[in-house]
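Residue numbers (this note's numbering): 34 to 441.
Shown next, in the form of structure tokens:
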């Protein structure tokens with residue numbers, strides 16, 4: 034059954050529910066345990082992905098890498114069983130960016146992988162030029178794959194005359210010629226509304242759940258903590274899938290990147306606290322949060338982040354903080370940070386990006402990769418290993434609202 038379903042998938046045929054069921058539970062090469070929360074029929078949910086040795090070359094597709102994160106782009110194409118497209122980027126003597134696409138893209142489905150990190154402004158301009166170069170070279174479609182979206186924190190006017198730079202970046206991508214955007218864990222999901230083109234905002238949550246279950250043996254005695262009110266929805270989703278409780282830290286800032294005070298809402302005494310956030314920059318917030326959790330009686334503290342920016346004193350703060358581990362995905366290069374701190378660990382999300390590209394190219398639904406797990410039938414009331422269903426916390430939007438109001 035598995036081999037027949039696999040063959041139909043390679044040939045691009047529509048899969049029945051029985052085929053999907055067989056692929057979800059297939060061992061080896063498939064990511065059958067990416068999310069260990071029970072899914073259909075009690076089996077683990079999966080992001081099925083064919084091993085490259087058993088996959089035919091995908092026709093009419095070109096994937097190019099920008100300068101920001103070539104390692105991630107290489108991992109993506111390796112999973113898809115294709116080669117990176119040829120592109121040369123350089124700077125003129127006046128520091129203008131020049132891009133040369135080294136092969137024909139006429140009629141091709143083009144994907145440009147460029148993350149918002151490093152020299153952000155130069156990398157953003159490089160991506161815009163690459164998009165435009167492919168578009169005017171008659172590419173059939175150009176998709177910008179932006180694992181970490183630049184300027185995402187400037188998504189609203191938080192004071193008089195402040196810019197909404199995320200909207201400006203959205204406009205620039207559209208004007209450059211992008212037909213589609215693939216990104217991951219936007220700082221504010223409303224950024225999708227800044228675009229007039231399709232945006233797929235993928236979630237790192239399945240990979241986070243997998244890491245927790247595989248690397249924290251006592252995860253049944255854990256509590257998921259949001260370091261701010263804005264991340265409450267994210268942590269409630271993870272807590273629900275693990276069937277554990279959640280807590281919230283309310284913070285007040287004196288100025289950017291500097292927290293004045295923190296108030297913990299929730300009981301973390303004698304539990305493993307797992308801080309979950311979409312990004313960390315200078316790490317002042319999560320380090321103060323870790324201290325607050327230890328003072329409140331937590332036995333251990335972990336931090337799990339989608340985007341580890343780690344600028345300025347971030348790595349030093351992590352080394353001096355009371356973390357067991359700070360876990361980040363590879364949406365941003367982390368090699369140097371991992372050399373400087375043995376507390377930093379990595380989750381590879383190239384599989385999620387590769388599957389999104391494969392599904393988009395083949396005209397398949399991508400919703401499986403980014404729909405909220407709580408909204409799928411059969412995932413709301415579950416017992417978890419090491420947690421009695423009677424003691425599990427039933428989470429709802431009302432509880433999130435109550436927690437938010439409690440700290441005001």
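Just so it is clear, CB atoms sit at the ideal spot from N, CA and C, and this is done for glycine as well.
Residue 150 sits close to residue 181, with the two beta carbons spaced by under 8 Å. For residue 134 and residue 212, the gap between their C-alpha atoms comes out near 18 Å. Residue 143 is classed as buried because its beta carbon has at least 16 other beta carbons within 10 Å across all chains shown. The shortest CA-to-CA distance from residue 141 to any of 95, 329, 198 is the one to 95.
With respect to the 8 Å criterion, residue 301 and residue 275 are not classified as neighbours on the basis of their beta carbons.
If you ignore the 5 residues before and after residue 170, its C-beta comes within less than 6 Å of the C-beta of 138, all in its own chain and listed in chain order.
Taking 8 Å as the cut-off, the beta carbon of residue 164 is found closer than this to the beta carbon of residue 177. Under the 10 Å beta carbon count, residue 362 is surrounded by 16 or more other beta carbons and is classified as buried. Closest in alpha carbon position to residue 384, among 107, 209, 168, 295, is 107.
Between the alpha carbons of residue 229 and residue 391 lies a gap of roughly 23 Å. Taking each of 224, 193, 220 in turn and checking the Cα distance to residue 204, the smallest one comes out for 224. In this structure, the beta-carbon distance from residue 306 to residue 258 falls below 8 Å. By a beta-carbon distance limit of 8 Å, residue 367 contacts residue 379. Their separation comes to about 6 Å. The DSSP-derived three-state label of residue 122 is strand.
Note: residue 341 is bridge-paired with 313 in the DSSP secondary-structure output. By the neighbour-count criterion, in which a residue is buried when 16 or more other Cβ atoms sit within 10 angstroms of its Cβ, residue 97 is buried.
Pairing residue 402 with residue 389, the inter-Cα distance amounts to about 7 Å. Take the alpha-carbon of residue 126 and the one of residue 200: they are about 31 Å apart. In terms of Cβ geometry, residue 393 and residue 382 do not form a close pair [threshold 8 Å]. Excluding its 5 nearest sequence neighbours in each direction, residue 187 has C-beta neighbours in its own chain below 8 Å: 195, 196, 197, 198, 199, listed in chain order. For residue 91, no beta strand (DSSP E) run applies, since DSSP gives it neither H nor E.
Counting every other CB atom within 10 Å of its CB across the protein chains shown gives residue 159 a total of 16 or more, marking it as buried.
For residue 222, the number of other beta carbons within 10 angstroms of its own is below 16, and it is reported as exposed. Under DSSP, residue 360 shares a beta bridge with 337, 378.
In this structure residue 265 is buried. Its beta-carbon is surrounded by 16 or more other beta-carbon atoms within 10 angstroms.
Cβ neighbours of residue 118 within its own chain (closer than 7 Å, five residues either side excluded): 95, 96, 97, 136.
Distance check between residue 284 and each of 255, 335, 320, 156 places 320 closest, using alpha-carbon atoms only.
Around the beta-carbon of residue 239, 16 or more other beta-carbon atoms lie within 10 Å, marking it buried. If you look at residue 394, you'll find it isn't in any beta strand (DSSP E); it sits in the alpha helix (DSSP H) that goes 383–394.
For residue 207, the uninterrupted alpha helix (DSSP H) run begins and ends at 198–209, by DSSP. In this structure, residue 277 and residue 294 do not form a Cβ contact; the two beta carbons are roughly 27 Å apart against a cut-off of 8 Å. Taking the Cβ atoms as the reference, residue 237 lies roughly 19 Å from residue 318, outside the contact range of under 8 Å.
For residue 147, the number of other beta carbons within 10 angstroms of its own is at least 16, and it is reported as buried. Residue 324 sits close to residue 355, with the two beta carbons spaced by under 8 Å. Residue 175 has 143 as its beta-bridge partners, per DSSP.
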